[in-house]
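The structure under discussion appears below in the form of structure tokens.
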Amino acid sequence: MPLAAQGIDTGDTAWLLAATALVLLMTPGLALFYGGMVRTKSVLNMLMMSFVSIALVTVVWLAAGYSLAFGDDVGAGLIGGLEHAGMSGLGPDSVQGTVPTLLFATFQLTFAIITAALVSGAIADRAKFGAWLVFVPVWALLVYVPVAHWVWGPGGWVLDKLGALDFAGGLPVEITSGASGLALALVLGPRLGFKKDAMRPHNLPMVMLGAGLLWFGWFGFNAGSALGANGLAAAAFLNTLAAGCTGLLGWLFVEQRRDGHPTTLGAASGAVAGLVAITPSCGSVSLLGALVVGLAAGVVCSYAVGWKFKLNYDDSLDVVGVHLVGGVIGTLLIGVFAEKAMTGGAEGLLYGGGLAQLGKQLVAVVAVGTYAFLMTYGIGKLIDKVMGFRADEEHEHTGLDLTVHAETAYDHGVLGHGAPVGASSVPSAQKAKTQA
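In numbering that gives the first Met the number 0, the protein residues as written are 0 to 435.
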């Protein structure tokens, strides 16, 4: 994320205020997107995993996360210092580039929030809510924060030493969440009935609404990363729109040829796949590059979501197939389509840059993906050993909404799979808990 000269610019500040609100809206959008994809008996639990991430990550970020990610480097490009712990020294007159530092810190916070929430999709329907409350702050500090420093922090090794490019979060957000989701899915194991029972989305209009809110918020995510109301923000904005469109069309094309039916779930998933892939590259490629990046993600990710059935890992809501794979595609294709007019220097293979930039992008992908996977697997295993991460079998069968939250999303179970008829009362929930 480029930084401009010192001094607050009111136009840049106004745009980043709006972009910050847009990115925060993405987490409720993700909650709806995920919530519609699960069965009726775990809708509220899925929503809660996203919403509680807002609170947990915010506390951690303000206490130490921002300082460790964006403080002065203290460890060979690996981590920042604690000089801004508790937001110390960051008053209203403190400036980062052309915007207030407090606004910059809040903008970055919204990225950390949605990254943690994304991971929840890989373990939908089967995670203890209490374990999730422990996992999120620990993961944010030990996984997200270091990677954010590597890529965007002052002196971070990925940008300053390696020279890999990532405009808006392919590495810290998409690849980190995807690799972490895979690790947690392996720690918890597959859902009951995986590959046997139908586990269809219970509410596709909710999925489409969530996807629409994500797309809307993504303009703040990508164009906001220019940190100013300028031409680069405009280019990132247009690239984001274009890639989302070709991602949607690419996914539907595969569905039509493979299955004979273009689906609403495919349209939503394809748009998200295109948006994921353009995230790292929206500030590095031209419009043509953006169209290709989105199309590649839509086509490849539509096949990648089926890998879990062949490789026997239960990534419930396709965090691996969309976010990890899409993030890898978008990050690597910078090495192919990057243009000097966008990057200010680096060029991709098709524009005379040779294989150098592609090699740098590959090293960054492997390093970040490996780190996120191993750290998350270790954190997940530790939590599982101490307090158990997997929900009880009977709770999973009954549904986490009733057994954990003493609520159900709907008054009647006729809308979906597994919601007990008339199970919306607290006494019924208490009875279920007692029996469990």
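For every residue, glycine included, the Cβ atom is placed at its ideal position computed from N, Cα and C.
- Classify VAL362 as helix, strand or coil using the three-state DSSP reduction. Here VAL362 sits in helix by DSSP.
- Exposed or buried, GLY351, counting other C-beta atoms within 10 Å across all chains shown (16 or more means buried)? By the beta-carbon neighbour count (other beta carbons within 10 angstroms, threshold 16), GLY351 is exposed.
- Message: Considering Cα atoms alone, identify which of VAL98, SER87, PHE372 is closest to ALA228.
- Response: Per the C-alpha coordinates, the member of VAL98, SER87, PHE372 positioned closest to ALA228 is VAL98.
- With a CB to CB cut of under 7 Å and the five nearest residues on each side skipped, what residues in its chain are close to ILE122? Excluding sequence positions up to five before and after ILE122, its CB lies within less than 7 Å of the CB of LEU183, ALA184, LEU187, SER315, all in the same chain and listed in chain order.
- Message: Mapping the DSSP letters down to three states, classify PRO145 as helix, strand or coil.
- Response: Three-state DSSP puts PRO145 in a helix.
- Item | Reduced DSSP category for VAL206 - H, G, I as helix; E, B as strand; rest coil | Secondary structure of VAL206 (DSSP, three-state): helix.
- Presumed contact (8 Å Cβ cut-off) between LEU274 and THR245, rounded CB distance: Between the beta-carbon of LEU274 and that of THR245 there is about 11 Å, and that puts the pair past the 8 Å contact cut.
- Query: Can you tell which of VAL42, GLY28, THR26 has its C-alpha closest to the C-alpha of TYR409?
  - Reply: VAL42 is the residue among VAL42, GLY28, THR26 whose C-alpha sits nearest the C-alpha of TYR409.
- Just checking, does the segment 232–241 make contact with the segment 255–266 on the three C-beta pairs under 8 Å criterion? The segment 232–241 makes no contact with the segment 255–266, as fewer than three CB pairs between them are under 8 Å.
- What do you get for GLY305, buried or exposed, if any count of 16 or more other CB atoms within 10 angstroms of its CB means buried? Classification of GLY305: exposed, given that the 10 Å Cβ count is below 16.
- Message: Three Cβ pairs or more, each shorter than 8 Å: is that satisfied between the segment 358–367 and the segment 329–344?
- Response: Yes, since at least three Cβ pairs between the segment 358–367 and the segment 329–344 fall closer than 8 Å, the two stretches touch.
- Any idea what DSSP makes of VAL98, helix, strand or coil? VAL98 falls in the strand class under three-state DSSP.
- Message: On the DSSP letters alone, give me the boundaries of the alpha helix (DSSP H) that ILE333 sits inside.
- Response: Residues 333–336.
- Excluding five sequence neighbours on each side, which residues of the same chain lie with their C-beta closer than 6 Å to the C-beta of ALA116? Contacts found: THR26, LEU29, SER49, SER52.
- Task: For THR9, count neighbouring C-beta atoms within 10 Å of its own C-beta (all shown protein chains included) and say buried if the count is 16 or more, exposed if not.
- Result: Per the 10 Å Cβ criterion, exposed.
- Going by alpha carbons, who is nearest to GLY343 out of ALA303, VAL284, LYS307? Checking every option, the nearest Cα to that of GLY343 belongs to VAL284.
- Query: Is any heavy atom of the ligand HEM found at a distance shorter than 7 Å from the C-beta of GLY6?
  - Reply: Absent from the structure shown: the ligand HEM. Ligands present: none.
- Message: Using only the alpha-carbon positions, how far apart do SER268 and GLY34 sit?
- Response: In this structure, the straight-line span from the alpha carbon of SER268 to that of GLY34 is close to 14 Å.
- What distance in whole Å lies between the Cβ atoms of GLY288 and ALA303, which are believed to be in contact at a cut-off of 8 Å? The Cβ separation is near 21 Å, so there is no contact.
- Message: Assuming contact is defined by CB atoms lying nearer than 8 Å, are TYR65 and GLN107 in contact in what I supplied?
- Response: Inclusion of TYR65 and GLN107 in the CB contact set at 8 Å is warranted, their separation being smaller than that value.
- Item | Alpha carbon of GLY325 to alpha carbon of TYR312, nearest angstrom | In a straight line, the C-alpha of GLY325 is about 18 Å away from that of TYR312.
- Got a sec? Which residues, its chain only, sit under 8 Å from TRP156 by beta carbon, not counting five neighbours each side? So the list reads ALA75, GLY76, LEU77, TRP149, once near-sequence residues are dropped.
- Message: Excluding the 5 residues flanking ILE7 on each side, which residues of the same chain have their C-beta closer than 7 Å to its C-beta?
- Response: Non-local C-beta neighbours of ILE7 in its own chain, meaning closer than 7 Å and more than five positions away in sequence, comprise VAL94, THR97, VAL98, PRO99, ordered along the chain.
- Would you kindly check if the distance between the Cβ of LEU231 and the Cβ of ASP11 is under 8 Å? Cβ atoms of ASP11 and LEU231: not closer than 8 Å.
- the segment 163–180 / the segment 214–223 touching (three or more Cβ pairs under 8 Å): When Cβ pairs closer than 8 Å are counted between the two stretches, the segment 163–180 is seen to touch the segment 214–223, the count reaching three or more.
- Only counting runs of 4 or more residues, tell me where the alpha helix (DSSP H) segments fall wholly within the segment 144–227, in order along the chain. 144–151, 175–187, 203–222, all fully within the segment 144–227.
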